[in-house]
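**Student:**
Below you can see the structure in the form of structure tokens.
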């Protein structure tokens with residue numbers, strides 16, 4: 001996979017936001033995929049045709065019945081001073097070094113570790129229009145909605 005620097009990444013500002021700056025020690029763990037790699041990852045793991053979650057078709061796994069089994073709310077926790085993940089999002093069986101992919105759309109996919117995501121999740125959710133969180137070699141997935149809710153599922 002090819003990556004781009006956070007300074008070159010068009011959404012990179014979310015990790016440098018003055019109200020929620022990411023510590024320098026964690027910045028190296030946040031790796032935006034190049035546009036070509038993001039497209040490849042999206043096509044292989046999310047959808048072969050849709051470019052964004054709002055365009056999913058019936059044969060895309062995120063739109064299939066039975067995938068999403070648990071719902072929760074993230075917005076109140078995001079707006080609070082508490083840095084912890086919202087209840088229900090802490091996948092206890094994911095190790096700290098598990099690679100995760102936060103997929104905004106077919107051009108914007110960011111790779112990091114589960115430990116870094118847990119510490120910086122609020123930054124990732126500055127863009128909250130249906131992103132999907134996938135752990136490498138993990139069945140659990142999470143999808144975030146702009147109404148402040150999330151869904152947990154398995155794929």
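In the working numbering, the protein residues as written are 1 to 155.
Each residue gets a CB set at the ideal place from its N, CA and C atoms; glycine is no exception.
Where does residue 97 land, buried or exposed, given buried means 16+ other C-beta within 10 angstroms?
**Tutor:** Here residue 97 is exposed: its Cβ has fewer than 16 other Cβ atoms, across all protein chains shown, within 10 Å.
**Student:** According to the Cβ coordinates, are residue 106 and residue 70 closer than 7 angstroms?
**Tutor:** no
**Student:** Spell out a yes or no on whether the stretch 22 to 32 and the stretch 112 to 119 are touching, meaning 3 or more CB-CB pairs, one atom from each, closer than 8 angstroms.
**Tutor:** yes
**Student:** With respect to the alpha helix (DSSP H) encompassing residue 24, which residues constitute its N-terminal and C-terminal limits?
**Tutor:** 24 to 27
**Student:** For residue 131, count neighbouring C-beta atoms within 10 Å of its own C-beta (all shown protein chains included) and say buried if the count is 16 or more, exposed if not.
**Tutor:** buried
**Student:** Please return the same chain residues whose Cβ sits closer than 6 angstroms to the Cβ of residue 101, not counting the five positions on each side in sequence.
**Tutor:** 109, 111, 134
**Student:** According to DSSP, is residue 83 helix, strand or coil?
**Tutor:** Under the three-state reduction of DSSP output, residue 83 falls in the coil class, being neither helix nor strand.
**Student:** Would you identify the three-state DSSP class for residue 12, choosing helix, strand or coil?
**Tutor:** helix
**Student:** Return the chain-ordered list of same chain residues with a C-beta closer than 6 angstroms to the C-beta of residue 4, the five sequence neighbours on each side being excluded.
**Tutor:** Residues of the same chain with a CB within less than 6 angstroms of the CB of residue 4, apart from the 5 flanking positions on each side, are 32, 34 in chain order.
**Student:** Taking the runs of the beta strand (DSSP E) that are 3 residues or longer, which of them lie wholly in the stretch 46 to 132?
**Tutor:** 68 to 73, 99 to 105, 108 to 113
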